[in-house]
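**Student:** Next up is a structure, given as structure tokens.
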């Protein structure tokens, strides 16, 4: 029975569970941006929305048994042995590539996570914090001229018949 | 990756996101948002995106929490929702 | 408003949830993003062509140099925008009561900060310089260096931090970072190659074409770090004082 539950988890919950949570986080952020009354709360919702998108992007580059995308020279012996085994399997190729075998060992691309989404999202995070700072500056300016951060009170003051 | 660890962090992420949006005190909301950033940083380190995790630890949990608290101190702590 | 917000969130959420079943499985090695030629090229050829073990740094600073350059420009523009929105010169209004004076934090916090600040800054410089071999790079090191000045401002007051890193110096550093980045690209043009094609610099940098690319990445990361440091500190100092730059948090 335990095995059945475990296999059910592994087969149907685990492969998609992350995506469900990302969608839930994104919807929490969207709901906060639409309905929250306070400007700071709206900005927190915007940041949550943004992190959900970044999570989706980074998780696209995940491989099941991959390492971090930094080539380590400590495990060089393993790589060389791996390359030699491959070359033993195909002896004709080994003889043709004999000269260049020592210079660079074979890099298995399934051993490393995909670096491209990491690069794109790394810059997106730093740009995200600078735009968050700009938004906070504008909300400080709003507080300076209206005395409040609540959206409905600002709208009351902006209305033609409002108390101002 | 370890999927049990993954699921625990993801559930905590949703919980902290909801708390950060429901707390009426804006200072508390900013602090909970810092916790959210740290959990996301853990998640990225666990996915193998070490550079992204490092950036998030420095930017999301450090600087963005600080500038949010600076704004809360120079405006108001009170929030109606 | 709440009802319509909830309704639209539920509809969009349902659509997105039903779209997740078309996604590749978690950790799928053969998904289109992972098996495409671009990322395979980055993983297999980066170390051979640039001698940089950290692929993220290599792709960030070399293969996608344009992207990083304009992201840095976006950060610069956001910092200038904060100054344009908030900064006020001249007459000081009365300072609100919830802001403490300029004496900073208590004795214990000050002593701790003075002990750990040099190490934070040293580690930030290490992160910038060692980003080729370990996680790190210009963005992370720059943010950490900016955070060290923010810590100085929190512990000793903003006046002390401004005596190290004045507003004018902040703006000069922010512009200098972008100038280093773009100037390095123009240097490649002068050497007779494309903009930001670092392999043209092997005649003036030691160690052959691969090491020229590696060293150029370091120069570019230093430019990014300068801009990010300056903008992070300027952002904090403007936001915590409402643009008056007199009394900090």
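Residue numbers (my numbering), protein chains in the order written: chain A, 57 to 220; chain B, 43 to 123; chain C, 44 to 292.
Ideal Cβ placement from N, Cα and C applies to all residues, glycine included.
(1) How many Å lie between residue 89/A and residue 62/B at the Cα?
(2) Out of 126/C, 185/C, 155/C, 186/C, point me to the one whose CA is closest to residue 194/A's CA.
(3) Which word fits residue 200/C, buried or exposed, when buried means at least 16 other C-beta atoms lie within 10 angstroms of its C-beta?
(4) Less than 7 Å between CB atoms is the rule here; does residue 57/B satisfy it with respect to chain A?
(5) Hey, would you say residue 266/C sits closer than 7 Å to residue 220/C, going by beta carbons?
(6) Do the CB positions of residue 189/C and residue 112/C come within less than 7 Å of each other?
(7) At the level of alpha carbons, what is the spacing between residue 140/C and residue 201/A?
(8) Under 7 Å Cβ-Cβ, which residues of chain C neighbour residue 91/A?
(9) Name, in chain order, the residues that DSSP records as bridge partners for residue 123/A.
(10) Give a yes or no on whether the minimum CB-CB distance between residue 205/C and chain B is below 7 Å.
(11) Verify whether the separation of the beta carbon atoms of residue 100/B and residue 187/C is less than 7 Å.
(12) Given residue 184/A, which residues of its chain have a CB within under 6 Å of its CB, disregarding the five upstream and five downstream residues?
(13) Which residues of the stretch 240 to 265 of chain C have a Cβ closer than 8 Å to any Cβ of chain B? Give them in chain order.
(14) My parser needs the beta strand (DSSP E) runs of 3 or more residues fully inside the stretch 229 to 254 of chain C; what are they?
(15) Assuming residue 112/B and residue 283/C make a contact with CB atoms under 8 Å, what is their CB distance in whole Å?
(16) In chain order, what residues of the stretch 91 to 115 of chain B put their CB closer than 7 Å to some CB of chain C?
(17) Assuming contact is defined by CB atoms lying nearer than 7 Å, are residue 243/C and residue 231/C in contact in what I supplied?
(18) Using the beta-carbon of each residue, which ones in chain A are nearer than 9 Å to residue 80/C?
(19) Please confirm whether residue 123/B and residue 92/A have their CB atoms less than 7 Å apart.
(20) For residue 73/B, would you say it is in contact with chain A, using Cβ-to-Cβ distances shorter than 7 Å as the test?
(21) Which residues in the same chain as residue 207/A place their Cβ atom closer than 6 Å to its Cβ, once the five residues preceding and following it in sequence are excluded?
(22) Give me whichever residues DSSP pairs with residue 206/A in a beta bridge.
(23) When you compare the CB positions of residue 167/A and residue 87/C, do they come within less than 7 Å of one another, or not?
(24) One question on the structure: do residue 171/C and residue 253/C come within less than 7 Å of each other, judged by their Cβ atoms?
(25) Mind pulling the chain B residues with CB within less than 9 Å of residue 180/C?
(26) Bridge partners of residue 97/C, per DSSP?
(27) Count the other CB atoms within 10 Å of the CB of residue 203/A; is the residue buried (16 or more) or exposed (fewer)?
(28) Hey, out of 76/B, 115/B, 96/B, whose CA is closest to residue 107/B's CA?
(29) To the nearest angstrom, how far is the alpha carbon of residue 109/B from that of residue 213/C?
(30) Closest Cβ-Cβ distance between residue 140/C and chain B: below 7 Å?
(31) Return yes when the Cβ of residue 174/A is within less than 7 Å of the Cβ of residue 99/C, no when it is not.
(32) Would the beta-carbon of residue 97/B fall within 7 Å of that of residue 119/C?
(33) Cα separation between residue 46/B and residue 64/C?
(34) Report yes or no: is there a C-beta of chain C within less than 7 Å of the C-beta of residue 142/A?
(35) Alpha carbon to alpha carbon, how far is residue 52/C from residue 70/A? Give it in angstroms, no decimals.
(36) Are the stretch 106 to 117 of chain A and the stretch 71 to 79 of chain A touching, with three or more C-beta to C-beta distances below 8 Å?
**Tutor:** Per the coordinate set shown:
(1) 13 Å
(2) 126/C
(3) Result: buried.
(4) It does not: the Cβ of residue 57/B has no partner Cβ on chain A nearer than 7 Å.
(5) The answer is yes: Cβ separation under 7 Å.
(6) no
(7) Confidence at residue 140/C is low in this model, with a pLDDT of 46, below 50, so its placement is unreliable and the value that follows should be read with caution. About 18 Å.
(8) Near residue 91/A (Cβ distances below 7 Å), the residues of chain C are 44, 45, 48.
(9) 168/A
(10) no
(11) Result yes, Cβ atoms of residue 100/B and residue 187/C sit closer than 7 Å.
(12) 106
(13) none
(14) none
(15) 4 Å
(16) 92, 93, 96, 97, 100, 101, 104, 105, 108, 109, 112, 113, 115
(17) yes
(18) What residue 80/C touches in chain A, judged by beta-carbon distance under 9 Å, is nothing: the nearest beta carbon there is about 11 Å away.
(19) yes
(20) no
(21) For residue 207/A, same chain residues with a beta-carbon under 6 Å away, outside a window of 5 residues either side, are 93 in chain order.
(22) In DSSP, residue 206/A forms a bridge with 94/A.
(23) no
(24) no
(25) 93, 96, 97
(26) 126/A
(27) Counting other Cβ atoms within 10 Å of its Cβ, residue 203/A stays below 16 and is therefore classed as exposed.
(28) 76/B
(29) 17 Å
(30) Note that residue 140/C scores 46 on pLDDT, short of 50, meaning its location in the model is unreliable; the coordinates nonetheless yield the value given after this. Taking Cβ atoms only, chain B never reaches closer than 7 Å to residue 140/C, which makes this a no.
(31) yes
(32) no
(33) 21 Å
(34) Low confidence applies here, because residue 142/A scores a pLDDT of 49, under 50, leaving its location unreliable and the question unanswered by this model.
(35) 25 Å
(36) yes
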